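Colleague: Have a look at the structure that comes next, please.
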Ligand code: SF4
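In this note's numbering, the protein residues as written are 29 to 501.
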């Protein structure tokens, strides 16, 4: 598989759950998944329950490829959950596609997960010692099996019991015969938002944009440590574990992952991205460039903010082909050499003869920035300066984001000057940690571990596997 998004961190999933009596919940979930497609483009799945039975369909590909009209017609019920997944390659994608669905002594159960458990290996061993067979390498299957085995009269009790053993990031949607549950880890790593449907039912989703697609009025976030049940046209809230203080919401959701229309814990992502650009301009100064251009799409609001504060005019420099991302069709050698040029075209007249400052949200491995700079130089840019809207990423993520390992990260053992030289920029600036948090609007309550190496939970960086590594098995 050829990956033209290779140098950007990969979010490992988007989830959605819907309870809507008398409505086509599978179709609603399908449209909600479209709004979450950016959180995972390799596999998608929907499970539906009608108080008696549960049905599921999942597969490898984009939401539009996995769900055909006959498939949609076979998914009937009042309760549904859905998932979009980013993972690795080939058969592992098929095996690890979600939701996971099993039959239990308490009835059918399906689960979809955004995040990564850092103690998944121990939990996996424990289950296998108890004689439980597992069919995939995913921590989500481990979580599903734990729920099936747990004692307790209600699903809330079983979920609560399992949460006491789960360490790491989990925003979950769980489907039973007659309920949808939304569950968030006590650190609050990944988002999960609740909305009220016009019909009176409820939906939960990784992002408010998906709720908006369904016509929901966004109500509130699932709070860290909560189990929220969406049955009987009402919400039943259980604080299963005390929330950890301060919380550890992933700051990278604001920088890159979330769609700009996402509002998380009262903070609008688009506004934050504009402020990231403004803070960056305050730190970098002005007068060194003639035009500000974004690397589309996620850097557009930041470039506008940068231009606003620096006074350097904003213009489009790149046109991105949105239909080329990860592709299962390997290009020929000559096309492969064109690399990012397959995805980005330059508007020559906007950069020719100019000193350009290119705004981007992150540099992970460093293998995209250099080719983008080269495209600008080939188009006649006189100088190319690069400004990044976060600090250097020097540490891997174990909480549900694929950034690679220490050795993969260009900033792990290199100075900013060395990175600048490596990518071939005339100068390179990173936003400071303080500047980033000023843009977010709060100093506390966010995980910043990929910048600082201070993980909010104890992680043995030599042994714990990221979700990406787990799915490689
Ligand atoms: S390490 Fe970085 S990407 Fe991972 S949860 Fe923390 S802030 Fe987000």
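Backbone N, C-alpha and C define an ideal beta-carbon position, used for all residues, glycine too. Nothing here was measured: the structure is a model prediction, and the numbers come from that model.
Would you check if there are 3 or more beta carbon pairs closer than 8 Å linking the region 474–481 to the region 423–442?
Modeller: In short, these stretches touch, since the Cβ pair count reaches three.
Colleague: Mark residue 449 as exposed unless 16 or more other C-beta atoms lie within 10 angstroms of its C-beta, in which case mark it buried.
Modeller: Counting from 1 along the chain shown, the entry for residue 449 is found at position 421. Per the 10 Å Cβ criterion, exposed.
Colleague: Less than 8 Å between the CB atoms is what I'm expecting for residue 468 and residue 295, so what's the real figure, rounded?
Modeller: Mapped onto the chain shown, residue 468 falls at position 440. Mapped onto the chain shown, residue 295 falls at position 267. Rounded, the Cβ-Cβ distance is 7 Å, consistent with contact.
Colleague: Quick one: what's residue 196 bridged to in DSSP?
Modeller: As a working mapping, residue 196 is identified with position 168 in the chain shown. Partner(s): 145.
Colleague: Sorry if obvious, but does the Cβ on residue 158 come closer than 7 Å to a heavy atom of the ligand SF4?
Modeller: Indexing the chain shown from 1 puts residue 158 at position 130. It does not: the Cβ of residue 158 is nowhere closer than 7 Å to a heavy atom of the ligand SF4.
Colleague: Are the CB atoms of residue 169 and residue 162 nearer to each other than 8 Å?
Modeller: Counting from 1 along the chain shown, the entry for residue 169 is found at position 141. Counting from 1 along the chain shown, the entry for residue 162 is found at position 134. Cβ distance < 8 Å, so residue 169 and residue 162 count as in contact.
Colleague: Under a criterion of Cβ closer than 6 Å to any non-hydrogen atom of the ligand SF4, which residues qualify, in chain order?
Modeller: Result (chain order): 217, 278, 279, 280, 425, 427, 429, 475, 476, 477, 478.
Colleague: Classify residue 388 as helix, strand or coil using the three-state DSSP reduction.
Modeller: To locate residue 388, count along the chain shown from 1; it is residue 360. It is a strand residue.
Colleague: Please classify residue 325: is it buried, with 16 or more other beta-carbons within 10 angstroms of its beta-carbon, or exposed?
Modeller: By one-based count along the chain shown, residue 325 stands at place 297. By the neighbour-count rule (16 or more Cβ atoms within 10 Å), residue 325 is not buried but exposed.
Colleague: With DSSP as the reference, identify every bridge partner of residue 136, one or two as the case may be.
Modeller: Translated into the one-based positions of the chain shown, residue 136 becomes position 108. According to DSSP, residue 136 bridges with 131.
Colleague: Drop a sphere of 10 angstroms on the beta-carbon of residue 347, count the other beta-carbons inside from all chains shown, and report buried for 16 or more, exposed for fewer.
Modeller: Mapped onto the chain shown, residue 347 falls at position 319. Classification of residue 347: exposed, given that the 10 Å Cβ count is below 16.
Colleague: Of all the options 341, 412, 207, 89, which has the alpha carbon lying nearest to the alpha carbon of residue 319?
Modeller: Within the chain shown, the letter at position 291 stands for residue 319. Measuring from the Cα of residue 319, the nearest candidate turns out to be 341.
Colleague: Compute the Euclidean distance between the alpha carbons of residue 80 and residue 229, then round it to the nearest angstrom.
Modeller: Translated into the one-based positions of the chain shown, residue 80 becomes position 52. Translated into the one-based positions of the chain shown, residue 229 becomes position 201. Cα to Cα, the separation comes out at about 19 Å.
Colleague: May I have the straight-line CA-CA distance separating residue 299 from residue 413, to the nearest angstrom?
Modeller: Looking up residue 299 in the chain shown gives position 271. Looking up residue 413 in the chain shown gives position 385. Their Cα atoms are separated by approximately 24 Å.
Colleague: Identify whether residue 107 lies in helix, strand or coil by the three-state DSSP scheme.
Modeller: On the chain shown, position 79 is the one that residue 107 refers to. Note: residue 107 maps to strand in three-state DSSP.
Colleague: Distance check for residue 376 and residue 345, CA to CA, integer angstroms please.
Modeller: As a first step, residue 345 must be located in the chain shown, where it is residue number 317. As a first step, residue 376 must be located in the chain shown, where it is residue number 348. Whole-angstrom Cα-Cα distance: 8 Å.
Colleague: From which residue to which residue does the beta strand (DSSP E) around residue 224 run?
Modeller: Residue numbering aside, residue 224 sits at position 196 when the chain shown is read from its first letter. Its beta strand (DSSP E) spans residues 221–224.
Colleague: Can you name, in chain order, every residue of its own chain whose Cβ lies under 7 Å from the Cβ of residue 332, other than the five neighbours on each side?
Modeller: Taking the first residue of the chain shown as 1, we reach residue 332 at position 304. Cβ neighbours of residue 332 beyond the five flanking positions: 302, 305, 342.
Colleague: Does any residue of chain D have a CB that is nearer than 8 Å to the CB of residue 342?
Modeller: Protein chains in the displayed structure number just one, and chain D is not present.
Colleague: How is residue 342 classed by DSSP in three states: helix, strand or coil?
Modeller: Within the chain shown, residue 342 is the residue found at index 314, counting from 1. Looking at residue 342 - three-state DSSP - the assignment turns out to be strand.
Colleague: Please determine, among 57, 83, 67, 58, the residue with the shortest C-alpha to C-alpha distance to residue 290.
Modeller: For the purposes of this step, residue 290 is taken as residue 262 along the chain shown, with counting starting at 1. Residue 67 is the option with its Cα nearest to residue 290.
Colleague: Nearest to residue 203 by alpha carbon, out of 89, 53, 239?
Modeller: The count along the chain shown starts at 1 and reaches residue 203 at position 175. Nearest of 89, 53, 239 to residue 203, Cα basis: 53.
Colleague: Considering only residues of the same chain and omitting the five flanking positions on each side of residue 371, which have a CB-CB separation below 7 Å?
Modeller: Here residue 371 refers to the residue found at position 343 of the chain shown. Closer than 7 Å at Cβ, skipping near neighbours: 32, 348, 349, 352.
Colleague: At which residues does the alpha helix (DSSP H) containing residue 92 begin and terminate?
Modeller: Within the chain shown, residue 92 is the residue found at index 64, counting from 1. Residue 92 -> alpha helix (DSSP H) spans 91–94.
Colleague: Can you give the Cα-Cα distance for residue 116 and residue 339, rounded to whole angstroms?
Modeller: Here the question's residue 116 lines up with position 88 in the chain shown. Here the question's residue 339 lines up with position 311 in the chain shown. Annotation note: pLDDT 40 at residue 116 (below 50); position unreliable, coordinate value reported separately. Taking the straight line from one Cα to the other gives about 43 Å.
Colleague: With distances taken from CA atoms, which of 88, 82, 57 is nearest residue 69?
Modeller: Translated into positions along the chain shown, residue 69 becomes position 41. Checked all of 88, 82, 57; the closest Cα to residue 69 is 88.
Colleague: Please classify residue 153 as buried or exposed, where buried requires at least 16 neighbouring CB atoms within 10 angstroms.
Modeller: For this step, residue 153 is matched to residue 125 along the chain shown. It counts as exposed.
Colleague: In this structure, how does DSSP classify residue 398 when only helix, strand and coil are distinguished?
Modeller: The count along the chain shown starts at 1 and reaches residue 398 at position 370. Of the three classes helix, strand and coil, the one that applies to residue 398 here is helix, per DSSP.
Colleague: Mind reading off the beta-carbon distance from residue 125 to residue 71? Whole number of angstroms is fine, and I expect it under 8 Å.
Modeller: Translated into positions along the chain shown, residue 125 becomes position 97. Translated into positions along the chain shown, residue 71 becomes position 43. Right, the Cβ-Cβ distance comes to about 4 Å (below 8 Å), so this counts as a contact.
Colleague: Quick check on this structure: which residue in 157, 60, 434 has the alpha carbon closest to the alpha carbon of residue 232?
Modeller: Within the chain shown, residue 232 is the residue found at index 204, counting from 1. Out of 157, 60, 434, 60 has the C-alpha closest to the C-alpha of residue 232.
Colleague: Have a look at 55, 64, 368, 112 and flag the residue whose alpha-carbon is nearest the alpha-carbon of residue 512.
Modeller: No statement about residue 512 is possible, as the shown extent of the chain runs from 29 to 501 and does not include it.
Colleague: In this structure, how does DSSP classify residue 290 when only helix, strand and coil are distinguished?
Modeller: Along the chain shown, read from residue 1 onward, the residue named residue 290 stands at position 262. Three-state result, residue 290: coil.
Colleague: Given this structure, state the Cα-to-Cα distance separating residue 246 from residue 222, to the nearest angstrom.
Modeller: The count along the chain shown starts at 1 and reaches residue 246 at position 218. The count along the chain shown starts at 1 and reaches residue 222 at position 194. Those two C-alpha atoms are separated by around 6 Å.
Colleague: Among the candidates 427, 288, 75, whose CA atom is the shortest distance from the CA of residue 218?
Modeller: For the purposes of this step, residue 218 is identified with residue 190 of the chain shown, where counting begins at 1. Closest by alpha carbon: 427.
Colleague: Return the CA-CA distance between residue 237 and residue 159, expressed in angstroms with no decimal places.
Modeller: Along the chain shown, one-based indexing puts residue 237 at 209. Along the chain shown, one-based indexing puts residue 159 at 131. Each residue's Cα considered, the two are about 42 Å apart.
Colleague: Within 10 Å of its beta-carbon, does residue 151 have 16 or more other beta-carbons around it, so buried, or fewer, so exposed?
Modeller: Taking the chain shown and counting its residues from 1, one reaches residue 151 at position 123. Buried, since its Cβ has 16 or more Cβ neighbours within 10 Å.
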